[in-house]
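Visitor:
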Amino acid sequence: MNKNFKKYISLSLNNIIIKIKDKINEFKTINPIKFSDMISGYKKNKEKFDVLIPQKFGVYIIFENKTPIYVGSTSNLRKRISDFIFHHINPKANTHILTEKLVKERFKTKKGFYNFLRSKCILIPITTNSLIEAKILEAILIGILKPKYNAEIRK
Numbered sequence: 362m363n364k365n366f367k368k369y370i371s372l373s374l375n376n377i378i379i380k381i382k383d384k385i386n387e388f389k390t391i392n393p394i395k396f397s398d399m400i401s402g403y404k405k406n407k408e409k410f411d412v413l414i415p416q417k418f419g420v421y422i423i424f425e426n427k428t429p430i431y432v433g434s435t436s437n438l439r440k441r442i443s444d445f446i447f448h449h450i451n452p453k454a455n456t457h458i459l460t461e462k463l464v465k466e467r468f469k470t471k472k473g474f475y476n477f478l479r480s481k482c483i484l485i486p487i488t489t490n491s492l493i494e495a496k497i498l499e500a501i502l503i504g505i506l507k508p509k510y511n512a513e514i515r516k
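Start counting the sequence shown at 362; every next residue gets the next number (my numbering).
Spelled out as structure tokens, the structure:
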């Protein structure tokens, strides 16, 4: 490999590491969003939902009663979260693997999963500058938080 390429890769990795450290520090100060607020916000005022959930690359963390249950990354936070919220009423919404697993094992219906999200879950969305940055942050947060369903889905 040529020296310039190695130097470029090294600088790129260092920049990503710095950005990831900044995102982890940012994570500590983010106020979580209740799924119930997102649902009512979307039904009453779509602009409020759009402000809460940006249409950007990022990572999202779902908590059940302050316990992290899932960390995911996406190229479009708004679309992914919309799919979680509206999958039971919108047949065009993509069904996420977490939804499939929870419906099958715990709730028996998509409506049951929807009610669970609405009543017991909160979300922390974290925007990133790229999907690669989101994937790296996701892996780091999974390692730190050890969310239950990330481990179970991979089995």
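C-beta atoms are modelled at their ideal positions from N, C-alpha and C, and glycine is treated no differently.
Do residue 415 and residue 488 have their CB atoms nearer than 8 Å?
Guide: It is a contact, given that the beta carbons lie within the stated cut-off.
Visitor: Comparing alpha-carbon positions, which option in 428, 438, 411, 432 lies nearest residue 418?
Guide: The residue with the shortest Cα to Cα distance from residue 418 is 438.
Visitor: Under the three-state reduction of DSSP, which class applies to residue 487: helix, strand or coil?
Guide: Reduced to three states, the DSSP call for residue 487 is strand.
Visitor: Using only CA atoms, which one of 486, 461, 493, 495 lies nearest to residue 510?
Guide: Of the candidates 486, 461, 493, 495, the one whose C-alpha sits nearest the C-alpha of residue 510 is 461.
Visitor: Alpha carbon to alpha carbon, how far is residue 481 from residue 426?
Guide: Rounded to the nearest angstrom, the two C-alpha atoms are 6 Å apart.
Visitor: Work out the CA separation of residue 420 and residue 495 for me, nearest whole Å.
Guide: Going by the C-alpha atoms only, they are around 6 Å apart.
Visitor: I'd like to confirm the pairing. Which residues does DSSP put opposite residue 429 in its beta bridges?
Guide: DSSP output for residue 429 lists 424 as bridge partner(s).
Visitor: Below 8 Å CB to CB, which residues in the same chain sit around residue 506 once its five sequence neighbours on both sides are set aside?
Guide: The answer, listed in chain order, is 422, 429, 432.
Visitor: Excluding the 5 residues preceding and the 5 following residue 434 in the sequence, name in chain order all residues of the same chain whose CB lies nearer than 6 Å to its CB.
Guide: Once the five neighbours on either side are set aside, the close Cβ partners of residue 434 are 420, 495, 496, 499.
Visitor: If I measure Cβ to Cβ from residue 399 and keep anything under 8 Å in the same chain, skipping five residues before and after, which residues do I get?
Guide: Counting only Cβ-Cβ distances below 8 Å, and skipping sequence neighbours, we find 410, 413, 414, 442, 446, 484.
Visitor: Does DSSP put residue 500 in a helix, in a strand, or in coil?
Guide: Helix at residue 500.
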